[in-house]
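A.B. asks:
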Amino acid sequence: MKNKTRLFSLLVIIVILISACNLPSKSVEDAASTAAAQTVEALLSATPIGGVATASFTPLPVPATLTPIPLSASTNTPFATATTNCNVAQFITDVTIPDGTVVTPNQAFTKKWRIKNIGTCSWTGFSMVFDSGDAMGGPASKAISTLNPGQEIDLEVNLTAPATPGNYRGYWRINTNGNVLVPIVSGYQGRSFYVDVKVQNPVTATYTAPATAQVILNAVPGESGTLYEPAAGVPSTILAGDTSSNEIARGYMSFDISTLSGKTIKSASLALTGCSAMQDPFTGSLAGIWVGEVQYALPLDQSDYNIAGTGIVLLNALPGPIDVKSYVQTRATEGKARFQIRLHPSGPTDNDGAADYMSCSANSVTLTITYQP
906 MKNKTRLFSL
916 LVIIVILISA
926 CNLPSKSVED
936 AASTAAAQTV
946 EALLSATPIG
956 GVATASFTPL
966 PVPATLTPIP
976 LSASTNTPFA
986 TATTNCNVAQ
996 FITDVTIPDG
1006 TVVTPNQAFT
1016 KKWRIKNIGT
1026 CSWTGFSMVF
1036 DSGDAMGGPA
1046 SKAISTLNPG
1056 QEIDLEVNLT
1066 APATPGNYRG
1076 YWRINTNGNV
1086 LVPIVSGYQG
1096 RSFYVDVKVQ
1106 NPVTATYTAP
1116 ATAQVILNAV
1126 PGESGTLYEP
1136 AAGVPSTILA
1146 GDTSSNEIAR
1156 GYMSFDISTL
1166 SGKTIKSASL
1176 ALTGCSAMQD
1186 PFTGSLAGIW
1196 VGEVQYALPL
1206 DQSDYNIAGT
1216 GIVLLNALPG
1226 PIDVKSYVQT
1236 RATEGKARFQ
1246 IRLHPSGPTD
1256 NDGAADYMSC
1266 SANSVTLTIT
1276 YQP
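Set out below in structure tokens:
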């Protein structure tokens, strides 16, 4: 009986130890309890042999080891959040100084980029900052005015080309008011925009002046002469002043410029040095002789006495060469065939019964014109 009791105690201890090894699993505990009960029942119903009770016992199956599911470890690391689209820019275009623009050493220029705010947040207190490359005298940073989502802005910076010829590039970025760099869609590597120039020494152009030609014209005799008040015919001599009959005389000159139509006039000079003065047409009531430009229809007749004209110069003595370039150019541009001059006293006759006039012949006056063929 003692042996039976010891054996029973030993089996109970073994069952308890096995059950303890698999304590986390309730199903294992139930299996162990069931096995223990069956063992006890077998011991109690054992049939004695030869007067000694012998335990008939079947080894208890060892339950499978169950691996418990680990619980999530506790941590202070926050969960990752999705990247927001709050501050995002887009490069639109170079407004000035396209990439590869040629500039001269030390040349000042203004670079402009067009940038768009494609984020969901307004830009307030943002700045454009130099990032890397060639600064070219630009500032380290420059403020950007407030820009709402969807709006565009032209960012500009004043730069100076380096003194040494070569290729130069400077990179710029956008910085938030929190000192965070803004990504640039369509920008360089998605983060910046740049200025790219090529510095070259200036090329000295060799200018060759176009060839010029010169023509010296005399007044056309049949188209030049004098008109009087009152009418007294049209003598070929060109007079300006008054006569001994106290009649006002006006002289007319016509030059043939038909070959100069459409030409560029480089110079034009009217020379009256071949004229002479009778008495004094430059003082007194006559008050000098006007040289003016007119356009009269041919032939010259009395209807041209009061024709309107443009005064060029008022003479108070026999003159030297008179510059008429602008007047000749106007008529050449208009395609006119004639350039015409009128001489007339500035004031009325002096009624002194003496001839006071300036006298010229058609062959004594010249119009010298230099032009570009």
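Each number in this note's numbering corresponds to the 1-based position in the sequence shown with 905 added. Backbone N, C-alpha and C fix where the C-beta goes; we use that ideal spot for every residue, glycine too.
1. Does the beta-carbon of SER1163 have 16 or more other beta-carbons within 10 angstroms, so that it is buried, or is it exposed?
2. Assuming ALA1202 is part of the beta strand (DSSP E), what are its boundary residues?
3. Can you find at least 3 beta carbon pairs, one from the region 1095-1106 and one from the region 1071-1078, that sit closer than 8 Å?
4. Looking only at DSSP bridge pairs, what is LEU1223 linked to?
5. Between which two residues does the beta strand (DSSP E) harbouring LYS1230 extend?
6. On the CB-based measure, 16 or more other CB atoms within 10 Å of its CB, does CYS991 come out buried or exposed?
7. Excluding the 5 residues flanking LYS1168 on each side, which residues of the same chain have their C-beta closer than 8 Å to its C-beta?
8. Pick helix, strand or coil for GLY1095, following the three-state DSSP scheme.
9. Take ALA985 and list the residues in its own chain whose beta-carbon comes closer than 6 Å to its own, dropping the five residues that flank it on each side.
10. Going along the chain, which residues of its own chain have a beta-carbon closer than 8 Å to the beta-carbon of THR982, five neighbours each way excluded?
11. Would you report the Cα separation of THR1069 and GLU1061, rounded to the nearest angstrom?
12. Starting from LYS871, follow its DSSP beta bridges and name the residues at the other end.
13. Which stretch, first to last residue, makes up the beta strand (DSSP E) that contains LYS1047?
14. Return the residue from the list TYR1201, VAL1199, LEU1219 and ILE1212 that minimises the CA-CA distance to THR1188.
15. If I'm right that THR1148 touches ALA1260 with Cβ under 8 Å, what's the distance once you round it to whole angstroms?
16. If you follow the beta strand (DSSP E) that ASP1209 is part of, which residue opens it and which one closes it?
17. Compare the Cα-Cα distances from LYS1047 to each of GLY1071, ALA1066, ASN1082 and ASN1072 and report the closest residue.
18. Within its chain, find whatever has a CB closer than 8 Å to the CB of LEU1203; leave out the 5 residues flanking it on each side and keep chain order.
19. Does the region 996-1013 come into contact with the region 1024-1037, if we say contact requires no fewer than three beta-carbon pairs (one atom in each stretch) closer than 8 Å?
20. Ends of the beta strand (DSSP E) at LEU1272?
21. So GLY1038 is in the beta strand (DSSP E); what residue range does that whole segment cover?
22. Which same chain residues end up closer than 8 Å to ILE1049 when comparing Cβ atoms and leaving out the 5 residues on each side of it in sequence?
23. Per DSSP, what kind of secondary structure is ASN1072 in: helix, strand or coil?
24. According to DSSP, which residues form a beta bridge with LEU1177?
25. Taking a contact to mean a Cβ-Cβ separation below 9 Å, would you say LEU1144 touches ILE1227 in this structure?
26. Since I believe ILE1212 is in contact with VAL1199 (beta carbons under 8 Å), could you give me their beta-carbon distance rounded to a whole number of angstroms?
27. I need the DSSP call for ALA937, collapsed to helix, strand or coil.
28. Taking just the CA atoms, how far does GLN995 sit from SER1172?
29. Are the Cβ atoms of SER1269 and LEU1191 separated by less than 9 Å?
30. Note down, in chain order, each residue of its chain lying with its Cβ closer than 6 Å to the Cβ of VAL957, except the 5 sequence neighbours on either side.
C.D. replies: So, to answer that:
1. exposed
2. Neither: ALA1202 is in no beta strand (DSSP E) and is coded neither H nor E.
3. yes
4. None, per the DSSP bridge assignment.
5. Segment 1230-1239 is the alpha helix (DSSP H) holding LYS1230; no beta strand (DSSP E) there.
6. exposed
7. ALA1237, TYR1276, GLN1277 and PRO1278
8. coil
9. Reliability fails at ALA985, whose pLDDT of 32 lies under 50, so the model's placement of it is uncertain and no value is given.
10. Model confidence at THR982 stands at a pLDDT of 35, short of 50, so the residue's coordinates are unreliable and nothing is read from them.
11. 24 Å
12. As displayed, the chain neither begins before 906 nor continues past 1278, which places residue 871 out of reach and without an answer.
13. 1046-1048
14. LEU1219
15. 5 Å
16. ASP1209 -> no beta strand (DSSP E), and no H or E assigned at all.
17. ASN1082
18. GLU1128, SER1159 and ARG1243
19. no
20. 1271-1277
21. 1032-1038
22. TRP1028, PHE1031, SER1032, MET1033, ILE1058, LEU1060 and ILE1079
23. strand
24. DSSP output for LEU1177 lists no bridge partner at all.
25. no
26. 6 Å
27. Legend: pLDDT at ALA937 = 44, less than 50; position of this residue unreliable, value from coordinates given subsequently. Reduced to three states, the DSSP call for ALA937 is helix.
28. 59 Å
29. no
30. At VAL957, the pLDDT of 41 sits below 50, so the modelled position is not reliable; the number obtained from the coordinates is stated separately. Within the same chain, VAL957 has no close Cβ partners at all.
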